[in-house]
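K.L.:
Input: one structure, supplied below.
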Amino acid sequence: MPTLHGSCLCKAIAYELDSLDMPISHCHCHTCRKAHAAAFASTAGVMREHFRWVKGLDKLSSFESSPGKLRHFCSQCGSHLVAERLAQPHVIVRVGTLDDDPGMTPQAHIWTSHDVPWLGYEGLAECDEWQPPSDLND
51 MPTLHGSCLC
61 KAIAYELDSL
71 DMPISHCHCH
81 TCRKAHAAAF
91 ASTAGVMREH
101 FRWVKGLDKL
111 SSFESSPGKL
121 RHFCSQCGSH
131 LVAERLAQPH
141 VIVRVGTLDD
151 DPGMTPQAHI
161 WTSHDVPWLG
171 YEGLAECDEW
181 QPPSDLND
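Residue numbers (my numbering): 51 to 188.
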């Protein structure tokens, strides 16, 4: 697998990784939902030896969202890039911050016991751009 590159929204922070070592999952836990302001966050584990910060460490901020779990984000644009538990051999990359195609698709939704009641998966319009066509609103 070629090196994958990732960055925050403002490009102040960049990282690279040699491989996604764990499957991509959509995490629905309370803290991911709040940290990303989204119904779920797409994540994948990467062994520490396969992950490198390459730019912008001076812009990297961290927050302990639960005991022992650090979430690293850009202090300039707010993008959440990586989470970690220091005792674990891997970091948890936010797949949406990859600049390259990871070459795999999500394998699971996790922490669905924390799901929000308004989230549905099927039967929604698929729009190539911003808004649904006007006939959906009639």
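The beta carbon of each residue, even a glycine, is placed where N, CA and C say it ideally should be.
Histidine 195 to lysine 105, Cα distance in whole Å?
P.N.:
The chain is shown only over 51 to 188; residue 195 falls outside these bounds and no answer can be derived.
K.L.:
Say whether the region 124-134 touches the region 58-68, bearing in mind that this needs 3 or more beta-carbon pairs closer than 8 Å, one atom from each stretch.
P.N.:
Touching, yes, given that three or more Cβ pairs across the two stretches are closer than 8 Å.
K.L.:
For serine 115 versus threonine 81, is the C-beta spacing smaller than 7 Å?
P.N.:
To locate residue 115, count along the sequence shown from 1; it is residue 65. To locate residue 81, count along the sequence shown from 1; it is residue 31. Yes, they are a contact pair.
K.L.:
Should the region 145-156 be called in touch with the region 73-89, which here means at least 3 C-beta pairs below 8 Å?
P.N.:
Because the criterion of three Cβ pairs below 8 Å is met, the region 145-156 and the region 73-89 touch.
K.L.:
Taking the CB atoms as reference points, tell me whether glycine 146 and serine 92 lie closer together than 7 Å.
P.N.:
The residue labelled residue 146 in the question sits at position 96 within the sequence shown. The residue labelled residue 92 in the question sits at position 42 within the sequence shown. In contact: glycine 146 and serine 92 (Cβ atoms closer than 7 Å).
K.L.:
Return yes when the Cβ of arginine 144 is within less than 7 Å of the Cβ of lysine 119, no when it is not.
P.N.:
As a position in the sequence shown, residue 119 is number 69, starting the count at 1. As a position in the sequence shown, residue 144 is number 94, starting the count at 1. Their beta carbons are not under 7 Å apart, which means lysine 119 does not touch arginine 144 by this criterion.
K.L.:
Write down every uninterrupted run of the alpha helix (DSSP H) in the region 68-113 whose length is 4 residues or greater and which is fully enclosed by it, in chain order.
P.N.:
Counting whole runs of 4 or more residues, the region 68-113 contains the alpha helix (DSSP H) stretches 80-86.
K.L.:
So, at 7 Å on beta carbons, what are the nonlocal neighbours of proline 139 in its own chain, with the 5 sequence-adjacent residues on each side left out?
P.N.:
In the sequence shown, the residue the question calls residue 139 occupies position 89. So the qualifying residues of the chain are Met97 and Arg98.
K.L.:
Which value, in whole angstroms, describes the spacing of the CA atoms of leucine 67 and valine 166?
P.N.:
Start at 1 with the first residue of the sequence shown, and residue 67 comes out as number 17. Start at 1 with the first residue of the sequence shown, and residue 166 comes out as number 116. Taking the straight line from one Cα to the other gives about 32 Å.
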